[in-house]
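Some notes on the structure that comes next.
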Amino acid sequence: MPRNNQLLHFAFREDKQWKLQQIQDARNHVSQAIYLLANRDESYQFKTGAEVLKLMDAVMLQLTRARNRLTTPATLTLPEIAASGLTRMFAPALPSDLLVNVYINLNKLCLTVYQLHALQPNSTKNFRPAGGAVLHGPGAMFEWGSQRLEVSHVHKVECVIPWLNDALVYFTVSLQLCQQLKDKISVFSSYWSYRPF
Amino acid sequence: MAGNSLVLPIVLWGRKAPTHCISAVLLTDDGATIVTGCHDGQICLWDLSVELEVNPRALLFGHTASITCLSKACASSDKQYIVSASESGEMCLWDVNDGRCIEFTKLACTHTGIQFYQFSAGNQREGRLLCHGHYPEILVVDATSLEVLYSLVSKISPDWISSMSIIRSRRTQEDTVVALSVTGILKVWIVTSEISDMQDTEPIFEEESKPIYCQNCQSISFCAFTQRSLLVVCSKYWRVFDAGDYSLLCSGPSENGQTWTGGDFVSADKVIIWTEIGQSYIYKLPASCLPASDSFRSDVGKAVENLIPPVQHNLLDRKDKELLICPPVTRFFYGCREYLHKLLIQGDSSGRLNIWNISDTPDKQEGEEGPAVTMSVSLQEAFNKLSPCPAGIIDQLSVIPSSNEPLKVTASVYIPAHGRLVCGREDGSIVIVPATQTAIVQLLQGEHMLRRGWPPHRTLRGHRNKVTCLLYPHQVSARYDQRYLISGGVDFSVIIWDIFSGEMKHIFCVHGGEITQLLVPPENCSARVQHCICSVASDHSVGLLSLREKKCIMLASRHLFPIQVIKWRPSDDYLVVGCSDGSVYVWQMDTGALDRCVMGITAVEILNACDEAAPAAVDSLSHPAVNLKQAMTRRSLAALKNMAHHKLQTLATNLLASEASDKGNLPKYSHNSLMVQAIKTNLTDPDIHVLFFDVEALIIQLLTEEASRPNTALISPENLQKASGSSDKGSSFLTGKRAAVLFQQVKETIKENIKEHLLDDEEEDEETMRQRREEGDPEYRASKSKPLTLLEYNLTMDTAKLFMSCLHAWGLNEVLDEVCLDRLGMLKPHCTVSFGLLSRGGHMSLMLPGYNQPTCKLSHGRTEAGGKLPATEGVGKGTYGVSRAVTTQHLLSIISLANTLMSMTNATFIGDHMKKGPTRPPRPSTPDLSKARVSPPTSSNVVQGQIKQVAAPVVSARSDADRSGSDPASVPALHTCFLVNEGWSQLAAMHCVMLPDLLGLERFRPPLLEMLARRWQDRCLEVREAAQALLLAELRRIEQAGRKEAIDAWAPYLPQYMDHVISRKHTHTFLQSFAEKRT
C-alpha cells in the first residue's frame, strides 16, 4: 500500500471473522428461493395458474434480490465505513488516516482505500459532509468523533472473480425462465377468463 | 393530518370485495380487533366481539409491497397502535381506532419479524420494536418515531435471524432476546442491562451463541406458563428446549410429510403446531418437558430418537376446502387481562379468516377430530350479506339482463374540468357520466331512483373486450386537444375517441399484448413527441403513439421482463424503461434505436438522474398503491388550489390587459372541490372509486358562484379596482377570494361572446350524434344538448348536496330531517356511507361497507360505538361514533359548509334539474339563470354582508341552545330565503352543540381539542369560524373537570412553565406536535 513512498503491509487478523455481507445475503436469498421450490412433494400437482404465478412471484422476488445484492453494492457514508467491522479486521491495525472498503460490483471484487487528512477547525473550507456513495471521490468530507476529516487520495483495486460471473449468468437465466413461465400462464389465463359479451 | 386542507374521502366499493391475500395476522391486546396484512400491501381491520363475531371495518392503504409482519406498538390500553412492515422496507405506525397513520419510514432492508418490547427505567417507559429480517442484526427501533436506535449484533458467525422471542424472567428481573439464525445457531442477548443509558447507540453483542441444529426454523416461542421451556418449530420437525441451558427436551416429527409453519404453547403441557396447508395439531408434551413433573429433564442428553414421542391430542382443520393460491397464515393468541379466549386465527389467500376457540377444549382421545371452526368469514362474504349491496359508481348503468352482477368497471379517469367520470368496463364499452349525479344515485335516496338510465350518460363502443386503461391527455397537459380521450384494452388496441361527438377517431394496433398503461410525455420533449402518448403493453413493449399523425412513431419491444417504470430524458431525446428485474433500457425517441441496456448500479444511477432532471415526469407502474400514492401527492388538492388561487390573483391584476388572450383556458378553479380517484388493490380487481371532497375549495366555489351572479354594478373597471383595494384589509386569503370573485364577474361578461361561438360549433356535432342514438327519452336528449360543455351551472351545488347529505346525522331530530329534505333539498343515504380518513404522507384508511354492522358489544366496552344499532336504525346518524379524529373532520366540514350555505342567498338544493323535465336547460352563456329563476333577483353584496355578519353571532350564540331565530330577523330579506337560511342554521347548530346529547356519550366520540385549536387561525374563514364555534362548544361540554384535564394534559408541553428539566420523551412529542402544527 503506497503511502509517503513507503509500502505498508496489512493482513486479515486470524482471530476474527469478517463476512462479505453481499455474498451472505445473496446466498440466503437463493436458499429461500430453493426452499420455496423444494418444499413441495415431488408428486404435488398445481391446481390453478394463480397458484403457480404466486409461487413464481415469490421465487423471482428472492432471485432478483439475490442478484441485486451482487450487482448493486451498498451506498455507504464515510462514517459508516469507518464504523464497519472491516476497519478493525487488520493486523497490524490500520493507521487512523486510512479507511478501507471491500465490496462486490457485478463480477468484480473491489477494494477501495481512502487516505484521509484532518481538517483544521479554523479552516476556511466550507465543511459539507458527503452523503452515501459506493465510491467517494477525493475531497469528500465527514465528521468522525470530534474530528473533521477529508479524503485526500482514493485508491481502488478490482479483481474479476470468475465464479461470480457464472453466478450472475445463472441468475439471469433462471429469472428469464421464471418470467417465461409466468408469461405463458398469463396468456392462457386471459384466454380462459375471456367472456363474450 | 393531511396537511392543512380539509379533504374527506367517500368510497364506493362495488359488489366485489377487494382481493385480500393475507400475509400477516395480529390480534390487538384488547382482543377487539384483528389486523390482517395482505400481499398487495393493504391492511384490513376486523372487529371481533366477545362472541367471536367478526366484521371487517376498514382497509388501510399506504404500503407499496406485500406486508411481511405486524406487531403491536404501544403498551397502554387506552390507545391501540400497531406497526406494519412491508417487503420493500417500509414501516408504518397506525392507530387501530380510526386507521390514522401516525408515523412512517423506509429502510433499505426488509423486516420479516417485529416484536414490541417495553423498557422501563424508573417510572419512565419507552416502547421499542425489535426487528429482524434480511440483515444479520436485530435492530432496536423507537416505537413512536420509528428511528433505529441501536442494534443487537452477533460476534460469532453472524447471519440473518429467522425468528426471535423475548423471554421475561420474573426470577432474575432480566430480559433476554433469544433468536435463531437461518443456519440454526441460537443467539442470546440480554437487554435489561442497558436501560440505564438509553441514549447509547453502541451495538450490543450476544451473550451466548450455541448451535442447536435446527434447519429452516419457522418460529420460536417461549412458554409463558412455566417460563422454563422454548418451542422451536422447523419445517420438518419441532423441538422443545429448556430455556435455561437450551438443552433438548423432546422432538416431534412432521405429520404425513407436511411442512410445519409455526407453533406455540397452548398451556403448560400442550403445544399447538400448524402446517403449510392450514391444519393444526395439538400435542401433549411428555413429562420430561414439564418442570412441574419429577422426571423433568430426565431425557436430556439422550439421542433424539430415544425421546418419548409426544402424544397427538387434537387436530384442527379448515372447514371448507376451497383452493388456496398460497399457504395460509396462522397465529395463536392468548387471552390477556380482561380477555380470556385462546384463539387460533388463520388468514388465507381468499381473504378469509378462520378462528378456532381452543380455550375450553376438553381432553379427547388420541387422533380424534378437534373442534370445528368457531368462526369463519371472508371479505367477500361480508360484502355479500349486506343489503343493499355495496354500491359501485355506475352500477345502475351496468345491469346485464342475464346476470345479477353488474358489469365490472375495469378502468376509469375523472375529468374535473367537466365533472365527468369516464369508466371503461369489462365488455369493452366506455361510459361517460356526470360524477356527482351518478354518486347521488348510488348513495342517496330520491326521485332519481324511479328513473331508469339516470343520470344521462354516453356510451362509447369500440373495444372488443375489457378496457384496461384510460387517459384524458388534456388534463395532464393543455397542449393536447381537449376532445381526445385515449383508451387501451385487452384486445391489444389503443383507441382515440372524441368525447364531444362520441366518435372513434383512430385505432392503433401496434402492441402484441394487452395494454397496461397509458402515459403522457413531459413538456420539454421534441415537438413530435409532445403530441404523442406513451402506451405500455403486457408483451413488455412500449409505444409512442402520435395523436396528430395518427401513427406509432416508436415501438420499443425487446424487453425481457415486465416494464416497471418509464422515465424521460427530454434534453437527450431518451426514453428510459425500467424493467422489473432491475435492468434499464435507454431508447432514442427520434430514431427508435436502443441506445443502451444496463443493469446494476449504473441502472440505478440512470433512473435517479432522470428524477433529478424532471421530478414531475416520473411514472411508476409497478403497483396500484404506488399509483394511488403518487396520484394523491401529484394531484394534491391543496397544491392545485393554491396554484389556481395564485393564478387567479395574477390574472385579476393583469385582467384589463389580457382579457382577450385567455379565452381558451378558463381556469378550472371551480371544479376542484371534487376529485374522483379509481383505485385497485390488485390488478385483477375491478375499480373502487374514491370521491375526495375538498371542503375549502367547495366553500370558495360556493362563494364565488354566489358573487358571480350577473351584477352590472360591479363589472366596470372602476368598481373593480375600488373593490380590490378595499379588500386589502382582510387576510391575504380573503383578498384572493375576492379577487377570484371579481375575476369571475368580469369573466361572465367576456364569456358571452366566446360561448356563443363555442357552443354553436358543438351543437352541430351534437345533432349528428343524437341522430345516431336510438334513444327517445326526452330527458336524455335534454341532457345531450349540453354534455361536456365548459361550464356546468350545477356542479358545485350538486357536490355540496352530495357531501352534505352524506355528512348529516340523519334520524336524530325528525323536525330537522324534514327541514333538510323539504326545504334544503338534501337526500337521505341508502345506507351508511363509507368515509375515509387521510393521514400523513398519502396514507389513507377507507371504511368498508357495513363497518357498523352489528357486532355485539364487548363486555368491557371498547368496541365501535355504532355497533349495537339494528341495521335499519344504523342508516345515517353520521359517523360520529367512529373515532375522535373522524368526528372532528366531519363536524368541521358540515358546520363550515352549513355556515357558507347560510350566508348565500337562498342556497337550497331543491331546483335540481331533475324537475325540469324535457325543457332544454339554459345555455351556459347565462350560467346562473336557473338559480336566478328560483331565487328572487336580490342579493346586493350589502345584503349578503349583513347575512354573513349575522351568521357569525348565530354560531356563537348557538351554544345556549337558544336559537330563537330572532337574529336573522334583523335582515329584512325575503321569506323563502329566510326559511332556507334558518334551516342551515339549525343544521349547523345541531352538529355544533346538540350532537353529544342526541347521540349519547356511548355513541359519540367528541372532537379532538388540539385538531380544532390548530384550525383556530385556519386560512379559510368559514373553516376557522366553524373550528372556533366547535372548540367553544366542546370546552363548554366537557365542563370544568374536563377543561382542567385538558390543561393538565397539555401543560408539560409548554416549556416556559416547567421548573424541572423536560423529559426527553416529552420534548420529543412536543417538538413533533409542534412540527405538525407548523406544516
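Listed in order, the protein sequences are those of chains B and W.
Residue numbering for the first sequence is 1 to 197, as defined by full-length UniProt numbering.
Residue numbering for the second sequence is 1 to 1079, as defined by full-length UniProt numbering.
Glycine included, each C-beta is placed from N, C-alpha and C at the ideal position.
Apart from the 5 residues on each side of it in sequence, W:ASP595 sits with its Cβ closer than 7 Å to the Cβ of TYR574, VAL586, TRP587 and GLN588 in its chain, given in chain order.
For W:HIS111, the number of other beta carbons within 10 angstroms of its own is at least 16, and it is reported as buried.
Of the residues W:ASP611, W:THR330 and W:ILE43, the one whose Cα lies closest to the Cα of W:PRO18 is W:ILE43.
Using beta-carbon distances, B:LYS156 does not count as an interface residue toward chain W, since no partner is under 8 Å.
DSSP lists W:VAL83 as the bridge partner or partners of W:SER71. The alpha helix (DSSP H) runs lying completely inside the segment 83-138 of chain W and spanning 4 residues or more number zero. Interface flag for B:SER190 against chain W is set, since a Cβ pair is found closer than 8 Å. Close to chain B, meaning a Cβ-Cβ distance shorter than 8 Å, are the following residues of the segment 255-287 of chain W: GLY257, THR259 and GLU276. Of all residues in the segment 121-135 of chain W, only HIS134 and TYR135 place a beta-carbon less than 9 Å from a beta-carbon of chain B.
The continuous stretches of beta strand (DSSP E) do not include B:GLN17, and DSSP gives it neither H nor E. DSSP places B:GLY49 inside the alpha helix (DSSP H), whose first and last residues are 49-71.
Between W:LEU460 and W:VAL510, the C-beta gap is not smaller than 8 Å, which leaves the two residues out of contact.
The three-state reading of DSSP puts W:LEU560 in coil, since its state is none of H, G, I, E or B. DSSP places W:CYS326 outside any beta strand (DSSP E), giving it a letter other than H or E. Residue burial is scored here from C-beta neighbours: W:MET449 has fewer than 16 other C-beta atoms within 10 angstroms and is therefore classed as exposed. Comparing alpha-carbon positions, the option among W:ILE496, W:LEU518 and W:THR516 lying closest to W:PHE508 turns out to be W:ILE496. Residue environment: W:THR144 is assigned as buried (16 or more neighbouring CB atoms within 10 Å of its CB, all protein chains considered). Residue pairing by DSSP places W:CYS469 opposite W:GLY488 in a beta bridge.
Linking B:LEU109 to B:VAL157 through their CA atoms gives a straight-line distance of about 8 Å. In this structure W:ARG239 is in contact with W:SER251, their Cβ atoms being roughly 5 Å apart against a cut-off of 8 Å.
In this structure, the beta-carbon distance from B:ALA140 to B:LEU78 falls below 8 Å. As the crow flies, the alpha-carbon of B:GLY49 is around 37 Å from that of W:ALA435. Within a 10 Å sphere around the beta-carbon of B:ALA11 sit fewer than 16 other beta-carbons, which makes this residue exposed.
Checking the DSSP bridge columns, you'll see W:GLN346 partnered with W:THR330 and W:ASN354. In the structure shown, the three-state DSSP call for W:VAL494 is strand.
Neighbours of W:SER157 across chain B, judged by C-beta separation under 9 Å: GLN17 and LYS19. Fully contained in the segment 201-263 of chain W are the following beta strand (DSSP E) runs of length 3 or more, in chain order: 208-211, 217-222, 229-234, 237-242 and 248-253. For W:TRP160, at least one C-beta of chain B is nearer than 8 Å to its own C-beta. Assigned with DSSP and collapsed to three states, W:LYS187 falls in strand. Here W:THR28 is buried, its C-beta having at least 16 other C-beta atoms within 10 Å. Separation of B:ARG27 and B:LEU61 (C-alpha to C-alpha, rounded to the nearest whole angstrom) is 14 Å.
W:ASP997 and W:PRO1006 have their alpha carbons spaced roughly 11 Å apart. If you look at W:ASN384, you'll find it in the alpha helix (DSSP H) that goes 379-384. In the DSSP assignment, W:ASP159 falls outside any beta strand (DSSP E), carrying neither H nor E. The three-state secondary structure of W:GLN396, taken from DSSP, is helix. Residues of chain W with a Cβ closer than 9 Å to the Cβ of B:PRO162 do not exist; the shortest Cβ-Cβ separation is about 18 Å.
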